[in-house]
Structure formats: C-alpha cells, structure tokens
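Number 106 in the UniProt record's numbering belongs to position 106 of the sequence shown; there are no gaps in the numbering. Beta carbons are placed, not taken as given, at the ideal position from N, Cα and C, and that holds for glycine. If you're wondering where the values come from, they're calculated on a predicted model, not measured in any experiment.
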Amino acid sequence: MDYITQDRTRWVEGILRAGRELVLASIRPDGSPHASTLSYANDGLKTYCSISLDSQKAHDIRHDAQVAYVVNSPYGAWAEIQGISVDAKASMLNETEELQLASTLLLRKYPEFSKVISDTRALPWPGLLFIVLQPQVISLLDYTRSFGHTEHYAVPTSSPA
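Next comes the structure, spelled out in structure tokens:
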C-alpha cells in the first residue's frame, strides 16, 4: 500500500472540512462492534471529538484504542458521494495544549457547543473527554470518478497528520 501523497492529503482535509458528522466504530470489551455519530473537528489529518465521560465509546477506547471512522461530504445523489473511511488509533487527551486546541477547533466548527456546555473554558468540558483520532490507513471514496471508486493509503507514523 502506498503512503498518502500531499495531493490526496489535501483532498482528505477538504472532506473533513466539508463534513458535519463522523461515525466512529469501536470494539466493546466483549468483542462486538459499536458505532456512534459524533461531532468532530480536524487539524490536518488529526481528528478531534468530544465524548461523554462515562459513554460506551469511552469504555471501548479504554479497552481497545483501535477504531475506524467515516466522514462524507454533503451530497444530493449517490453519484456525488465523496468520503473517507479511516482506520485509526484513538487516545484521550490530557495535555493542556492539545486540550485547548481540541476545544478551540470544536467551538470554531460548532459554535452551538457554547450554548449546551456549561463552561467551555474548563478543559476538558464538564462531563466530557476529548479524544484524538490518529489515522493509520485512509480509504478515499469518490463516486464522482466512478461507482465505488476507492483508493487506499497508509499514513506514516511520523506524519505531522
């Protein structure tokens, strides 16, 4: 599998900017799959989300950090579908700088958070965790090129993703 190029990285970042929700798939401790829709924001290829402190997602990630997620650009017809499917490693944020970055990015993309979170200055936000999804393999889906057109790329671990 080839490593992702700068051109394809820009394409992925465009999908991440255009998308409004992310579907995160994790693995429960009993081995069964679990998928949830989340709000997210990105910094390059790194993707940040907030999840409830005691959520199934939080328990799953504590048990197994390997996750997958999908994001699609808005589309009106199937021939316009463009999206990404990503195998990633999830981790919970603890460092002040990264907590601040996640908060800033999420509030910029979803200003409505400030109306439902009691104190967005507290890091992490009350009752929530911030997680970062570090991509390992990215699959690009582009129906504008042909039905089911998919490209797969590895993301180097040293990538500034």
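Cα-Cα separation, residue i to residue j
i       : j       : result
Val-155 : Ala-58  : 24 Å
Leu-38  : Val-23  : 6 Å
Leu-141 : Arg-121 : 37 Å
Tyr-110 : Gly-31  : 33 Å
Ser-159 : Leu-129 : Since pLDDT at Ser-159 reaches only 49, below the 50 mark, its modelled position is unreliable, and no value is offered.
Ala-25  : Ser-52  : 15 Å
His-149 : Ser-118 : 44 Å
Residue i classed as buried or exposed, judged by whether at least 16 other C-beta atoms fall within 10 angstroms
i       : result
Pro-124 : buried
Asn-94  : exposed
Pro-135 : buried
Gly-90  : Looking at the sequence itself, residue 90 is Ala, so the reference to Gly does not match. It is buried - the Cβ of Ala-90 has at least 16 other Cβ atoms within 10 Å.
Ile-4   : buried
Rounded Cβ spacing between residue i and residue j (contact assumed at less than 8 Å)
i      : j      : result
Tyr-69 : Ala-88 : 7 Å
Endpoints, beta strand (DSSP E) assigned at residue i
i      : result
Ser-91 : 82-92
Thr-37 : 33-38
Ala-18 : No beta strand (DSSP E) holds Ala-18; the alpha helix (DSSP H) holding it covers 6-18.
- Message: If contact is defined by three or more beta carbon pairs under 8 Å, each pair taking one atom from either stretch, is the segment 62-74 in contact with the segment 108-118?
- Response: no
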